[in-house]
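S.K.: Take this structure, written in structure tokens, and hold onto it; I'll ask about it next.
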Amino acid sequence: MSESVPPASVVLVSGGSRGLGLAIVTDLLAAGIKVAAFARTVTPELTALASKYPDHLYAGSVDINDSPAVQAFVKTVESTLGPVDGLVNNAAIGQDSLHVHTSPERLEDIIQTNLTAPLVLTRFVLRRMLAKGLKGRIVNVTSICAQRGYPGLVAYSATKGGMDAATRSLARELGGRVLANAVAPGFFASDMSAVLGQTQLDQIVRRTPTGHLTEPEDVVPVVRMLLLDNTNINGQVLVIDGAASI
Amino acid sequence: MSSVARDRVRELMGEVMTAQGRSLPADDGAELRTIGFRSLDFSELALRVEDELGDELNFDAPGLRRIATVGDVLDFIEQLQTA
Ligand SMILES: NC(=O)c1ccc[n+]([C@@H]2O[C@H](COP(=O)([O-])OP(=O)(O)OC[C@H]3O[C@@H](n4cnc5c(N)ncnc54)[C@H](OP(=O)(O)O)[C@@H]3O)[C@@H](O)[C@H]2O)c1
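Residue numbers (my numbering), protein chains in the order written: chain A, 1322 to 1567; chain B, 551 to 633.
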């Protein structure tokens, strides 16, 4: 029997400054894991965590689209916390515009930030892991939009569907040495979803059998499980939406 | 950037409605829900205005969700042209 993939010990979380990313960072730190987090702006919340966990959290201000800066950040993380063996691709930008009224430049931005940049980051982290003979875990944060249609989210949904597809192929390609999975949350309250009107939120809640919107706290334990537990889950997209989409 | 005048936008809005066998009331206060002017009709209008303007008027959906009357449509298109 081949050996299982050990729990991740140093996890890199993109977009760890607020919203779900910050909740993931907070949870992993509480679980005793070393965490590196970046976003374009380091928030006071992330800075506070860095003071609380000086030996366990390394945070920086990096744009995921600036590949050299991202690579330099990963190398600094390695020398500060140790080799990265866990990656959470969480950073993303939202969309709330009909496809015909979204400029081609905006489409490019969405695809660059939500699909190209995480693939480039994943490639870089994997190269470092494999070169060091490490096993590891990848969790991609995608969305229910990858599986169900929502107006105003055409390009965004395309990027999330792309990441779901990449997750499956990564799991195959990495031959069990790195477990690759995705979590696909339903809508939750954050800066990204702040554009949703109350009517839309009420409608989502009405259609959700569990009767409430997904919350970052619902997603966090699943991400933790995929990073730390011994489960043999690989190449899967786990939907966390209270069955709203079923 | 040149702009398409409010009256002309109103005419174009009328054309969008006529093409669907409906008519545009003269009252700017008329409710879009009542006259059956939906978000894709707004898209069609915006694209017709773009055609006359020779430029794109791209915009996010939240602004669109706030428009409720004929006057709101005309205001919104005006706003987009000056943005
Ligand atoms: N909110 C929802 O309803 C919902 C539903 C399903 C899935 N999701 C997914 O969940 C994840 C987290 O979403 P959220 O709602 O927590 O979003 P959020 O509150 O807007 O946070 C996004 C995070 O990504 C970072 N980020 C954005 N662009 C970046 C860039 N160019 N470089 C580096 N970091 C960048 C942001 O920081 P800076 O802006 O400072 O860079 C922030 O830390 C995303 O993948 C999203 O697609 C969200």
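For glycine and all other residues, C-beta sits at the position ideal for the given N, C-alpha and C.
(1) Buried or exposed for glutamate 594 of chain B, going by 16 or more other Cβ atoms inside 10 Å?
(2) Count the other CB atoms, across all protein chains shown, that sit within 10 Å of the CB of glutamine 1524 of chain A; report buried if there are 16 or more and exposed otherwise.
(3) For threonine 1423 of chain A, which residues in chain B fall below 7 Å Cβ to Cβ?
(4) Measure how close the beta-carbons of valine 1504 of chain A and valine 1446 of chain A come, nearest whole angstrom, since I'm counting them as under 8 Å.
(5) Show which residues of chain A have a CB atom less than 8 Å away from the CB atom of serine 593 of chain B.
(6) Quick check: is the beta carbon of glycine 1518 of chain A nearer than 8 Å to any beta carbon in chain B?
(7) Does threonine 584 of chain B pass the burial test, meaning 16 or more other C-beta atoms within 10 Å, or should it be called exposed?
(8) At a CB-CB cut-off below 9 Å, which residues of chain A make contact with proline 575 of chain B?
(9) At the level of alpha carbons, what is the spacing between glycine 1563 of chain A and aspartate 557 of chain B?
(10) Is the Cβ of glycine 1415 of chain A closer than 8 Å to any Cβ of chain B?
(11) What are the partner residues of glycine 1407 of chain A, as DSSP defines its beta bridges?
(12) Under 7 Å: does the beta carbon of isoleucine 1459 of chain A sit that close to some heavy atom of ligand 1?
(13) Do the region 564-580 of chain B and the region 1523-1538 of chain A make contact, defined as three or more Cβ pairs closer than 8 Å?
(14) Taking 7 Å as the cut-off, does the CB of isoleucine 1385 of chain A come closer than this to any heavy atom belonging to ligand 1?
M.R.: Reading it off the structure:
(1) For the purposes of this step, residue 594 of chain B is taken as residue 44 along the second sequence, with counting starting at 1. By the 10 Å Cβ count, glutamate 594 of chain B comes out buried.
(2) Along the first sequence, read from residue 1 onward, the residue named residue 1524 of chain A stands at position 203. It is exposed - the Cβ of glutamine 1524 of chain A has fewer than 16 other Cβ atoms within 10 Å.
(3) Taking the first residue of the first sequence as 1, we reach residue 1423 of chain A at position 102. The answer, in chain order, is Asn608.
(4) On the first sequence, position 183 is the one that residue 1504 of chain A refers to. On the first sequence, position 125 is the one that residue 1446 of chain A refers to. No, valine 1504 of chain A and valine 1446 of chain A are not in contact; Cβ-Cβ is about 18 Å, not under 8 Å.
(5) Here residue 593 of chain B refers to the residue found at position 43 of the second sequence. Under the 8 Å cutoff, chain A gives Leu1419, Val1421 and His1422.
(6) Within the first sequence, the letter at position 197 stands for residue 1518 of chain A. So yes, glycine 1518 of chain A belongs to the interface.
(7) For this step, residue 584 of chain B is matched to residue 34 along the second sequence. Threonine 584 of chain B comes out exposed.
(8) One-based indexing of the second sequence puts residue 575 of chain B at position 25. Chain A residues near proline 575 of chain B: none, gap ~25 Å exceeds 9 Å.
(9) In the first sequence, residue 1563 of chain A corresponds to position 242, counting from 1. In the second sequence, residue 557 of chain B corresponds to position 7, counting from 1. Straight-line Cα distance between these residues: approximately 49 Å.
(10) Residue mapping note: residue 1415 of chain A aligns to position 94 of the first sequence, counting from 1. With 8 Å as the cut-off, glycine 1415 of chain A does not count as an interface residue toward chain B.
(11) The count along the first sequence starts at 1 and reaches residue 1407 of chain A at position 86. Partner(s): A/Val1332 and A/Arg1458.
(12) As a position in the first sequence, residue 1459 of chain A is number 138, starting the count at 1. No, Cβ of isoleucine 1459 of chain A sits at least 7 Å from all heavy atoms of ligand 1.
(13) no
(14) Locating residue 1385 of chain A in the first sequence gives position 64, where the first residue counts as 1. True, at least one ligand heavy atom lies under 7 Å from that Cβ.
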